[in-house]
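Only one structure is covered here, and it is reproduced in the block below.
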Amino acid sequence: MTLRAVVKAGGSKGVDRDAVATLVAEVARLDEIVLVHGASAETDRLAAALDVPQETITSPSGHTSRRTDRRTLEVFAMAALGVENFLYVEKLQQRGIDAVGLSGISGRLLIAKRKDVRSVKDGKTLLLRDDYTGTVEAVNLPLLTQFIGPGRVPVVAPLALSTENEAVNVDGDRVAARIAVAIDADALLILTNVPGLLSDPNDPSS
Numbered sequence: 047m048t049l050r051a052v053v054k055a056g057g058s059k060g061v062d063r064d065a066v067a068t069l070v071a072e073v074a075r076l077d078e079i080v081l082v083h084g085a086s087a088e089t090d091r092l093a094a095a096l097d098v099p100q101e102t103i104t105s106p107s108g109h110t111s112r113r114t115d116r117r118t119l120e121v122f123a124m125a126a127l128g129v130e131n132f133l134y135v136e137k138l139q140q141r142g143i144d145a146v147g148l149s150g151i152s153g154r155l156l157i158a159k160r161k162d163v164r165s166v167k168d169g170k171t172l173l174l175r176d177d178y179t180g181t182v183e184a185v186n187l188p189l190l191t192q193f194i195g196p197g198r199v200p201v202v203a204p205l206a207l208s209t210e211n212e213a214v215n216v217d218g219d220r221v222a223a224r225i226a227v228a229i230d231a232d233a234l235l236i237l238t239n240v241p242g243l244l245s246d247p248n249d250p251s252s
């Protein structure tokens, strides 16, 4: 029986691309795998190299995230497509897997609703109209399934097309979960650099 699974490789510093590629390649020889990856550390590196300031915003609920204005979106796309996606496809090809690099804007693979992003600054809640982040609402299943099969792996970067036909940055974990549901996956495996499930995210020993 063929297993169908989605693997999400984190984009934080410390994630071993070679180890991820080796794991995916071993499973994908006989089973059906989709690989989704992040690009946060590479985005930070490129932004610093290109002298593009990065801003962290805090939502009214206290959640912190990267502010994705248009220039930052372009840097993120460079990191996600030009580095992370490229390297994973290359490493899988080197391991005998016919990997296909994709992003959510390719063929309208991922359709997202652009978020109304709010940030708290100096005690005031602001609506950020120039933030290009979204929430995935639909997966183009007929397109994606063309690239799924034993020995063949679609490698998906976390960019999506908004309902207004604009590229947006989307959460990689949620992309992986959406794809897992869409393809009726048997498993969703999230690979990250944290030591485990933490009761306190600031305490690695928890």
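Counted from 1, the sequence shown has number 117 at position 71 by the numbering used here; the numbering is strictly sequential. Ideal Cβ placement from N, Cα and C applies to all residues, glycine included. Predicted, not measured: the structure shown is a model, and the values here were computed from it.
Where the alpha helix (DSSP H) containing I225 begins and where it ends: Taking the sequence shown and counting its residues from 1, one reaches residue 225 at position 179. Element bounds for I225: 218-228.
E212 versus T179 - alpha carbon distance: Sequence index remark: in the sequence shown, residue 212 carries index 166 (1-based). Sequence index remark: in the sequence shown, residue 179 carries index 133 (1-based). Those two C-alpha atoms are separated by around 10 Å.
C-alpha gap between A94 and E183, whole angstroms: As a first step, residue 94 is located in the sequence shown; it is residue number 48 there, counting from the start. As a first step, residue 183 is located in the sequence shown; it is residue number 137 there, counting from the start. A94 and E183: Cα-Cα distance of roughly 32 Å.
Environment of R224 [buried if 16+ CB atoms lie within 10 Å]: Residue numbering aside, residue 224 sits at position 178 when the sequence shown is read from its first letter. R224 comes out buried.
Reference A85; option with closest CA among N215, R117, A228: Taking the first residue of the sequence shown as 1, we reach residue 85 at position 39. It is N215 whose Cα lies nearest to the Cα of A85.
First and last residue of the uninterrupted alpha helix (DSSP H) at D64: What you label residue 64 is simply residue 18 of the sequence shown in a count that begins at 1. Segment 63-74, the alpha helix (DSSP H) holding D64.
Nearest-angstrom beta carbon gap, V135 and T89 [assumed within contact, 8 Å]: Locating residue 89 in the sequence shown gives position 43, where the first residue counts as 1. Locating residue 135 in the sequence shown gives position 89, where the first residue counts as 1. So it is not a contact: roughly 19 Å between Cβ atoms.
Straight-line Cα distance separating K167 from L237: In the sequence shown, counting from the first residue as 1, residue 237 sits at position 191. In the sequence shown, counting from the first residue as 1, residue 167 sits at position 121. Answer to the nearest angstrom: the Cα atoms are 33 Å apart.
Which residues DSSP lists as bridging I236, in chain order: Against the sequence shown, residue 236 aligns to sequence position 190. Note: I236 sits in a beta bridge opposite K54.
R117 versus S105, I194, E101, residue with shortest Cα-Cα distance: In the sequence shown, residue 117 corresponds to position 71, counting from 1. R117 has its Cα closest to that of E101, out of S105, I194, E101.
Length at least 4, wholly inside the stretch 81-128: the alpha helix (DSSP H) runs in chain order: 86-95, 116-123
Limits of the unbroken alpha helix (DSSP H) element including K137: One-based indexing of the sequence shown puts residue 137 at position 91. Unbroken alpha helix (DSSP H) run through K137: 132-140.
Spatially closest choice to R91 from H83, L155, A125, by CA coordinates: In the sequence shown, counting from the first residue as 1, residue 91 sits at position 45. Per the Cα distances, A125.
Element boundaries [beta strand (DSSP E), containing L205]: Translated into positions along the sequence shown, residue 205 becomes position 159. It spans 205-208 - the beta strand (DSSP E) in which L205 sits, taken as one unbroken run.
Straight-line gap, R154 to V185 (C-alpha atoms, nearest Å): Counting from one through the sequence shown, the residue named residue 154 turns up at place 108. Counting from one through the sequence shown, the residue named residue 185 turns up at place 139. R154 and V185: Cα-Cα distance of roughly 8 Å.
Burial state of K54 (16 or more Cβ within 10 Å): Your numbering for residue 54 matches position 8 in the sequence shown. Classification of K54: buried, given that the 10 Å Cβ count is 16 or more.
Selected residue, minimal CA-CA separation from M47, among G56, V227, D77: For the purposes of this step, residue 47 is identified with residue 1 of the sequence shown, where counting begins at 1. M47 has its Cα closest to that of D77, out of G56, V227, D77.
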